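Asker: So that we are looking at the same thing, I have put the structure below in structure tokens.
Residue numbers (the UniProt record's numbering): 1 to 498.
The structure is reproduced here in structure tokens:
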């Protein structure tokens, strides 16, 4: 046994304190090298006592009790106690060499009981034994208390941030009592060795006064100050990078609400004018594609009519605005020049004529060429806007009131996908329209790539060092806010083609 070995000092260390302050966990961490996670420590507390018999029945515990402190070989025997105040602990205090007095830094009452209950009891049963004050559960000072409280048992009293004791509170009490103060954390494995090494020093110094003839005790130092605790590195902040503005399928429909970069004017029922874009119409409808290709290949050569002032269509076409819902028929206060057009009544039932015009936009009344397409008189503004929205987005509102009119216009324009979507809605099978919309965008994407490759319907050219790239302003505006600001604002680029 250790006490039979020469020059080996056996130290009896009694650990006391309130219930659930971490006494047994601290002993197990020193005697058994036990490591626990914070959530294991937060499990339902069951009062336990670490049996002193472990030193007799477990060889590993006995081996871990041996240590060398200041060149003195020692065998540390830890005695655990119940935290109940009414328990009789006089047997545990008997012949103790040092007492470790524990409290929890998350429980102010346990620190208060150090002065009112525990220290007087220690001095009553073992007045000569040195005392070490230890603040346990140091990790709670830096923990996420919301997560800790969620992990605790349902009826447990939550830990509040204002109840966490700062180190100054423990040092103040230790100074009043004239004893050393240390802090520990079983979770962080911090301060455990310092506490018991300095407890051993206190016991050996006390023993040196009585056994002054032992020369190996002369090198024992007084309890050392504890090194500052290095808090655990906080988790990296959660940086939420916002997704770029989704280029949703409804984005192009906004172009219908303004005359920005419009190169087509659709005239409905003689008076109502809707601005549109060749690249969107032609890639969604083969009829529009053929129309614009024909218009580009055989431009009208007839005489010009006097200019028609098209100022503020929203104001002068009140009847058409009411019929068309909330969609703006014009966002321009410009001048539309009319030329003699080409009659299309024999070519398609959807169109009456197409002609070339000049559109002036503020600021500065910059002019640009547009194609003025007069629709058939049977085309009504409301359903026609729904058709245009489909040509731009591939979607059809199920709540559209004039589905039959939409189907009629779709038949005139030979937009068979739209006719099928109307049929699905009428048959209460609108869920099938999702697949039609998906196929529409695949087909639209392929046609846009073809137009980009050939430069068809392009209205802007980017001049680079190694060549030129033809593009389409409406596609750029709907897909990029930066391009929208450049081409849609009062910049020089908004009216130039290069």
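Beta carbons: idealized from backbone N, C-alpha and C, even for Gly.
The structure presented is a predicted model; accordingly, all values stated were derived computationally and were not measured.
Considering only DSSP beta bridges, list what residue 136 is partnered with.
Answerer: Per DSSP, 104.
Asker: Should the segment 93-105 be regarded as contacting the segment 58-72, the criterion being three or more beta carbon pairs within less than 8 Å?
Answerer: Judged by Cβ distances under 8 Å, the segment 93-105 makes no contact with the segment 58-72, as fewer than three pairs qualify.
Asker: Helix, strand or coil: which one does DSSP assign to residue 82?
Answerer: It is coil, neither helix nor strand.
Asker: Using the Cα positions of residue 253 and residue 371, report the straight-line distance between them to the nearest angstrom.
Answerer: Cα-Cα distance, rounded: 20 Å.
Asker: Taking the alpha-carbon of residue 180 as reference, which of 425, 288, 224, 419 has the nearest alpha-carbon?
Answerer: Comparing Cα positions, the closest option is 224.
Asker: Who are the near neighbours of residue 118 in its chain, counting only those whose CB is closer than 7 Å to its CB and skipping five residues on each side?
Answerer: 16, 17, 101, listed in sequence order.
Asker: Please look up how many angstroms separate the CB atoms of residue 133 and residue 173, rounded, as I've assumed it's under 8 Å.
Answerer: The pair is a contact, with the Cβ atoms about 7 Å apart (cut-off 8 Å).
Asker: For residue 140, collect the residues of the same chain with a Cβ closer than 6 Å to its Cβ; drop the 5 residues on either side in sequence, then sort them by chain order.
Answerer: So the list reads 106, once near-sequence residues are dropped.
Asker: Across which residues does DSSP place residue 468 in a beta bridge pair?
Answerer: DSSP, once it has assigned bridges, lists 463 as partnering residue 468.
Asker: Residues in its own chain within less than 6 Å of residue 188 by CB, not counting five upstream and five downstream?
Answerer: Answer for residue 188: 139, listed in chain order.
Asker: When DSSP labels each residue in this structure, what does residue 30 get in the three-state scheme?
Answerer: Helix at residue 30.
Asker: In whole angstroms, what separates the C-alpha of residue 313 from that of residue 275?
Answerer: Confidence in residue 313 is poor, its pLDDT being 30 and thus under 50, which makes the residue's placement unreliable; the coordinate value appears in the next sentence. Each residue's Cα considered, the two are about 11 Å apart.
Asker: Can you grab the Cα-Cα spacing for the pair residue 206 / residue 121, in whole Å?
Answerer: Straight-line Cα distance between these residues: approximately 19 Å.
Asker: So residue 272 is in the beta strand (DSSP E); what residue range does that whole segment cover?
Answerer: Element bounds for residue 272: 272-276.
Asker: Residue ranges of each alpha helix (DSSP H) run of no fewer than 4 residues wholly in the segment 361-420, ordered along the chain?
Answerer: Correct list: 381-393, 403-413.
Asker: Is it buried or exposed for residue 91, if we count other Cβ within 10 angstroms and need 16 for buried?
Answerer: Counting Cβ neighbours within 10 Å, residue 91 comes out exposed, since fewer than 16 surround it.
Asker: Mind checking who residue 14 pairs with in its DSSP beta bridge?
Answerer: Paired residue(s): 79, 99.
Asker: With DSSP as the reference, label residue 563 as helix, strand or coil.
Answerer: Coverage of the chain is limited to positions 1 through 498, which leaves residue 563 absent and any answer about it impossible.
Asker: Whose CA, out of 474, 496, 177, 415, lies closest to the CA of residue 288?
Answerer: If we check each option's Cα against that of residue 288, 415 comes out closest.
Asker: List in chain order: all unbroken beta strand (DSSP E) runs of 3+ residues lying wholly within the segment 178-211.
Answerer: As far as the segment 178-211 is concerned, its whole beta strand (DSSP E) runs of at least 3 residues are 181-183.
Asker: Tell whether a beta-carbon distance below 8 Å holds between residue 195 and residue 110.
Answerer: Against a cut-off of 8 Å, the Cβ pair of residue 110 and residue 195 comes out as no contact.
Asker: What residue range does the beta strand (DSSP E) around residue 264 cover?
Answerer: Here the beta strand (DSSP E) through residue 264 covers 264-268.
Asker: Since I believe residue 375 is in contact with residue 504 (beta carbons under 8 Å), could you give me their beta-carbon distance rounded to a whole number of angstroms?
Answerer: Given a span of 1 to 498 for the chain in the structure shown, any question on residue 504 remains unanswerable.
Asker: Pick helix, strand or coil for residue 121, following the three-state DSSP scheme.
Answerer: Three-state DSSP puts residue 121 in a helix.
Asker: Where residue 452 and residue 359 are concerned, what is the direct C-alpha to C-alpha distance, given to the nearest angstrom?
Answerer: Approximately 25 Å, taken between the alpha carbons.
Asker: Return the bridge partner residues of residue 354 from the DSSP annotation.
Answerer: In the DSSP output, where bridge partners are listed per residue, residue 354 has 342, 373.
Asker: Quick one: measure Cβ to Cβ for residue 11 and residue 203, integer angstroms, because I've assumed they're closer than 8 Å.
Answerer: With 8 Å as the limit, residue 11 and residue 203 qualify as a contact, their Cβ atoms being about 5 Å apart.
Asker: Within 10 Å of its beta-carbon, does residue 142 have 16 or more other beta-carbons around it, so buried, or fewer, so exposed?
Answerer: Label assigned to residue 142: exposed.
Asker: Where does residue 146 land, buried or exposed, given buried means 16+ other C-beta within 10 angstroms?
Answerer: Under this definition residue 146 is an exposed residue.
Asker: Under 8 Å: do the segment 380-398 and the segment 265-280 share three or more Cβ pairs, one atom per stretch?
Answerer: Touching, yes.
Asker: Less than 8 Å between the beta carbons of residue 108 and residue 163, yes or no?
Answerer: Against a cut-off of 8 Å, the Cβ pair of residue 163 and residue 108 comes out as a contact.
Asker: Which of helix, strand or coil does DSSP assign to residue 348?
Answerer: The answer is coil: DSSP assigns residue 348 none of H, G, I, E or B.
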